[in-house]
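Novice: Residue numbers (the working numbering), protein chains in the order written: chain F, 2 to 311; chain G, 57 to 317; chain W, 2 to 319; chain E, 1318 to 1610. Idealized CB from N, CA, C, for every residue including glycine. Would you mind keeping the following structure in view while I ask a few things?
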Amino acid sequence: MTLCEFDCVSKWYGPVIGLNDVSLSIEPGITGLVGHNGAGKSTLIKLLTGQLRPSIGEVRIRGRRAWSASAKRHIGYCPDVDAFYEEMSGRAFVRTMAKLHGFSNRVARERAEDVLAQVGMTDRADRPLASYSKGMRQRIKLAQALVHDPDLIVLDEPLNGVDPIGRVELTRLFRELLARGKTILISSHLLDEMDALANRILFICRGRILASGSLEEIRALLDDHPLKIRIATSRARQLATRLLALDTVQGVELNGDDELLLEVHRAKQFFASLADVVTREGVDVERLQVIDASTEAIFDYLMESANHPR
Amino acid sequence: MSTTITSRITGPLSACLHLFGLSLRRLFRSRQTMICALLLGLASIAVVAWSMRRERSPEEFIEEIFLAVYVSFLLPIFCLSYGTAGIASDREEQTLVYLLVSPLPRPLIFLAKCSASLLLALAWTMAGMSVVCWLGGLPGMEALHVLWPAILWSTVTYLMLFMLFSVMFRRATMIALAYALFIETLIGNMPGIAKRLAVSFYTRCLIFDAGSAFGVSPSGPGGAELFVALPGPTAQAILYLLGGGLFLGGLLIFSVREYSD
Amino acid sequence: MTSLLQLRQVTHFYGNVCALRDVNLEIEPGAIGLIGQNGAGKSTMMQILLGLIRPTQGTATVLGHDVRTAGIRLRGRVGFMPERDSILPGLNGIEYVALAGELCGMPRRQAMRRAHETLSYLGMEDARYRRLEQYSVGMSQRLRLAATLVHDPDLLLLDEPTAGLDPEGRAAMLALLDTLATRPGKSLVLSSHLLGDIERVCTSAIILNQGQVVGKGRLDELRAQRQQCYQLHWEGDATNFLAALRQRGVDVQVDNRRDQARAIVPDGWKTRLFFADACEHSVLLTGLVPEEEDLEAVYHRTINSSEASERVAPRSAV
Amino acid sequence: MSLEAVLYRDWSGRLRPSWLACWPIARTGLLLVLRRKMFWLLLGLALLNFLFVFATIYLKAQVASQNPGLARFVDRVLSNVTGTGETYRDFMFAQGTVTMLLLGFAGAILVGDDMRQGGLTFYLSRRISRWHYVVGKLLSIGLLVSLTTTVPALILYVQYGLLMDSTSYFRENLGILRGILGYGLILSITLSLLLFAMASWLQKTVPLVMSWACIFVMIPALAGLLRRAFDDRNWQLLMLWRDVRLLGTWCFGGIDTDRELQLLLPAAVIVLLVCLLSMLAIVPRVRAVRVVQ
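Below, the structure is given as structure tokens:
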């Protein structure tokens, strides 16, 4: 039986549409749900975890409706809001959650220790939650999501506000969970965040699943997507003239005397030529930065290429 | 491994019991408890002052203390303190999501929360009543014997009403405050049968019915004619129905409601 | 016009805690950066400059006003932009800015006119009539700046104006501050813990540490004491590329992601060498971002290097 | 053609004295309150009583000119609206409940939120001192109180006079005007100080409304109880709202009985004491605020 599937699901709040005719099934591995804020990510997740009911269609977890209590047994949810029963310690919180899942006191204690060890919080779990750092709070949230050993783990923006070191550790943790045969759904508003993490990407925008596939497939789809690049150098004019001669460069904008904004396609080829030009001309580039394309921009691009296939 | 862990789940009943205990603890340790204690303290001082003077009859006790201070103010505030906190405070602190995604059926969640609030509210109203009556001396104790059922059922009804607020509104406490302090008083003092829309009307009906042996009756200009009391059993039946209806309403709304914030 | 501000042996205590100790400063009008970590005394300094608190000892004169006696009058000529909060939910943009003008003593109609003018100057024409609770962080930061500028102050005091902004928002805010700093006859004091902010906007800086002025001077002098560091991004197998860089004396620290690294370069480094090496080892260099060194390191060095000279020739004017 | 409009422009007008800034503070406070729908509901409730008295005055005038016999009957039935000082005093007293409710809920918006969410930083970093801010906010609360008491009472007064046959009502009853203004002023001052003090300490709406209810519902109930228990009317002094009413009666020149005369002085002392205590409570709160974190 499939773990989780959306069957022509739409959801609206009053006149506002949150999700528009989405059909998908979540496959084993790590799935990244990518979309900007307001694209429908949280609606999808709330439907999946049974906090909302679809207006049209059905969400099924192991064949049962997601809204029903029995479906929730299979899902562990790590919410995006940073809220706990603040007066408790981390350990007490996880135990409480275990008991709310129906474990007896003794089993709940075992389970709590087990998951605390999994997230690496065993020795720090007795401090009150209010004194935790963002990363530690994130781990406790993760621990409570694992406490009933669910098949599907849903993580809503788990890397938001976590420092780089914390990110690395959490990423490692997700991989360990994957190795133990869990299915994981991670949402994020940055495609780059999924780079090192997801096997499969669901690209969501304006309430619709725009693209799904492996990261490579998505990247390939986006390879031709024009990039915006910022270059700062003291010899901007000279460099601009040289770069204009490249056929990968579609536009150059001179921003002040020492900054260039480039629009390029076929990025790989461009970077190779750029290094070449810089070395040959002896120009010192103080900054070379790809300006992150917003998911909105990618959406527009994908819509465009869907409407006018080349 | 998955199956072994899942098989150790004992079922929704123990989870429900645990939620009940958890809610009870959290509610008891909240600020509301302090406010209730403070109010009861203030009232007690007044009652002590009242009872120091010459001998009093139970009738005077009921009219001057019980109705004026306890029924019109302390009772709704006690119920409000725990009733609205039931679900609205979880929602305010954004912790409701943990309950909503847990494999507990929603009606059971409501039931557990509701019984925790009810237990605490009943403890406060009953203890508060006992304290007030005890401090009122002999007339107070006499009154206590006949009055407690009226207060018990009023507490249940009030609490169910405030639980309903709690399920429906995010700012349940403010709405309930405005209701208890203003709308109840306003409606309760209207002429005709309009006052039957207020919970406190039935409480007073029950008190007048039970206290008739002491000669308690609606006072003030117009008195009984203006009050249009219902007979005790009718009032009691209405309170049962009202309490039950409000409970079912809260249960139903909580079961189908989507908390998307 | 005499000096912008003059602090003579200013010491301030909160109870037993010493927030400022024996500060002597004399500063000419211009754009001045105020650098220091939390608790270094920045906020106390700001409050003294605003005439909100009186220093326990010493005298402070700002724009010719003694802060002890002319606090309110002084605030008519100084604009202060607080770090956060200070938003009144329920008002809209134009009302908020006009209110700020009126509180500074402008007549109502003038305040209204000026509010429109200031908001459009800051590029917020479209958001003027929106409620403040709907503003994004960047917008509300700009709005606060507008409320500070509305009465055309001679001195702008900005407390962490880039806090909580994303890189784009920060760049936009800094560009704005940069143009503000060039207004003739006006000064600004910018408090921040990011050296990059100050570098972009200011010409001179004061470094505070534990309530004392540990460094002051023109920015180019401070800059000279800084290490150059870049964040590199690439595509392809970079083993040889990184080895080549290390050979040139670059200190390379590779991230876990294996496609980016931090490179601390030696003095006199030319960035074209990055590209040359990349070319040679067939690596695609896709990103090269100068990194702002953490302030802490800079001023620890400042403390160490300036300690000796401070003892010999203490407290020269900036 | 000139392009100067896009550049930064100087402004070199004269700045006005700081105390004039109290008015924008008060105005903004009122604006913030009136932007909430809930307060329009409460104001609507306050309007009900006003409309009732308004209609009564109109009805009486109408009937009096058409049917003197009926007029006497109407006078007997609606004996509380007679155009004397008592009419207006009772009207303003009756507005108490709604006013209390309005203030209880407005306290957090006017004062509490500023303290809690850093709005004070905004005010205090301008060309005003803390005391200008306090006065502005007090003015704001005072205006809110007048909006439900003094202003409608004044309108009723004018209406009553205009519906008379000559201007003699205005000429003979100047004392009433003084009474309305005096009572209104005492109400505004007392309540604004008390509300500011409580809101600056409690800040959030729920505890504020609870404590506010304690003062205006619980304590009066207790006072009534104690009065009956000891058969001593002096306990009535615990009811702040009644004390203010007594002072109001004095403003209207309507103190007739010895009983009221005896209570007048203690009532004044209590009201003054409340004001004084409130001020004492306000001072440390306002001083403690740090503008820069």
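Of all Cβ atoms in chain F, is any one closer than 8 angstroms to the Cβ of F276/W?
Specialist: By this cut-off, F276/W is an interface position.
Novice: For chain E, find out if any of its Cβ atoms is closer than 8 angstroms to the Cβ of I143/G; answer yes or no.
Specialist: no
Novice: Count the other C-beta atoms from every protein chain shown that fall within 10 angstroms of the C-beta of G306/G, then say buried if there are 16 or more, exposed otherwise.
Specialist: Classified as buried, G306/G has 16 or more neighbouring CB atoms from the shown chains inside 10 Å of its CB.
Novice: So, G77/F versus I154/F, is the Cβ gap smaller than 8 angstroms?
Specialist: yes
Novice: Given a threshold of 16 other Cβ atoms within 10 Å of its Cβ, counted over all protein chains shown, does P114/G qualify as buried or as exposed?
Specialist: buried
Novice: Count the other CB atoms within 10 Å of the CB of C9/F; is the residue buried (16 or more) or exposed (fewer)?
Specialist: Around the beta-carbon of C9/F, fewer than 16 other beta-carbon atoms lie within 10 Å, marking it exposed.
Novice: With a Cβ-Cβ cutoff of 8 angstroms, do Y1500/E and C1568/E count as a contact?
Specialist: yes
Novice: Taking the straight line between their C-alpha atoms, what separation do you get for L217/G and R96/F?
Specialist: Straight-line Cα distance between these residues: approximately 33 angstroms.
Novice: Y296/G lies in the alpha helix (DSSP H); which residues open and close that run?
Specialist: 288–312
Novice: Report the three-state DSSP secondary structure of H282/W (helix, strand or coil).
Specialist: coil
Novice: Measure how close the beta-carbons of K1454/E and L1471/E come, nearest whole angstrom, since I'm counting them as under 8 angstroms.
Specialist: That pair is no contact at about 24 angstroms.
Novice: What does a CB cutoff of less than 6 angstroms around F225/G pick up in its chain, not counting 5 residues either side in sequence?
Specialist: I231
Novice: Is the region 52–60 of chain F touching the region 123–130 of chain G, taking contact as three or more C-beta pairs under 8 angstroms?
Specialist: no
Novice: Between which two residues does the alpha helix (DSSP H) harbouring L49/F extend?
Specialist: 42–49
Novice: Would you kindly report the start and end of the unbroken alpha helix (DSSP H) that includes N106/F?
Specialist: 106–119
Novice: Does R115/W have its Cβ less than 8 angstroms from a Cβ in chain E?
Specialist: True, the Cβ-Cβ gap to chain E drops below 8 angstroms.
Novice: Below 6 angstroms CB to CB, which residues in the same chain sit around A309/W once its five sequence neighbours on both sides are set aside?
Specialist: Bear in mind that a pLDDT of 47 at A309/W, under 50, signals an unreliable position, so the number given afterwards is only what the model happens to contain. Excluding positions up to five away in sequence, the list is empty.
Novice: Could you work out which residues of chain F lie near S316/G, taking near to mean beta carbons separated by less than 9 angstroms?
Specialist: Y14, G19, S43, T44, K47, Q52, L53
Novice: So, helix, strand or coil for A309/W, using DSSP?
Specialist: Unreliable placement is indicated for A309/W, whose pLDDT of 47 sits below 50; no coordinate value is reported for it.
Novice: So G91/W and Q290/F are supposed to be a Cβ contact under 8 angstroms. How far apart are they, rounded?
Specialist: G91/W to Q290/F, Cβ: 40 angstroms. No contact.
Novice: Quick one: Cα of N241/W to Cα of P267/W, how far?
Specialist: 19 angstroms
Novice: My understanding is that L283/F touches R249/W, with C-beta atoms under 8 angstroms, so please give their C-beta distance in whole angstroms.
Specialist: The displayed chain sequence assigns Gly, not Leu, to residue 283/F. Between R249/W and G283/F the Cβ distance is about 16 angstroms, and since that is not below 8 angstroms, they are no contact.
Novice: Applying the 10 Å Cβ sphere with the 16-neighbour rule, what's the burial state of E264/F?
Specialist: exposed
Novice: Going by DSSP, which residues form a beta bridge with L156/W?
Specialist: V79/W, S188/W
Novice: Thinking just about the alpha-carbon of each residue, which of G16/W, V190/W, P185/W, L286/W is nearest to the one in D1327/E?
Specialist: P185/W
Novice: How would you label F122/G, buried or exposed, when you count the other beta carbons within 10 angstroms and need 16 or more for buried?
Specialist: Counting the other CB atoms within 10 Å of its CB gives F122/G a total of 16 or more, which places it among the buried residues.
Novice: Nearest-angstrom Cα distance between M1318/E and L1441/E?
Specialist: Bear in mind that a pLDDT of 46 at M1318/E, under 50, signals an unreliable position, so the model cannot answer this.
Novice: Under 8 angstroms between the Cβ atoms of L96/G and G193/G?
Specialist: no
Novice: Can you check which of these residues, L1420/E, A1338/E, N1384/E, is closest to P108/W by C-alpha distance?
Specialist: A1338/E
Novice: Can you find a CB in chain F that lies within less than 8 angstroms of the CB of C135/G?
Specialist: no
Novice: Kindly confirm or deny that the region 256–270 of chain F and the region 224–234 of chain F touch, where touching means at least three C-beta pairs closer than 8 angstroms.
Specialist: The region 256–270 of chain F is in contact with the region 224–234 of chain F.
Novice: On the premise that R78/W lies in contact with V68/W, defined as a C-beta separation below 8 angstroms, what is that separation, rounded to the nearest angstrom?
Specialist: With a Cβ gap of about 12 angstroms, V68/W and R78/W do not count as contacting.
Novice: S186/G and L174/G: beta carbons closer than 8 angstroms?
Specialist: no
Novice: Please name the residue, chosen from F264/G, I243/G, G139/G, that lies closest to A168/G on a Cα-to-Cα basis.
Specialist: G139/G
Novice: Whose Cβ in chain F lies nearer than 8 angstroms to the Cβ of G288/W?
Specialist: L289, Q290, V291
Novice: Less than 8 angstroms between CB atoms is the rule here; does P355/W satisfy it with respect to chain F?
Specialist: The displayed coordinates of chain W run from 2 to 319. Any statement about residue 355/W would go beyond what the structure contains.
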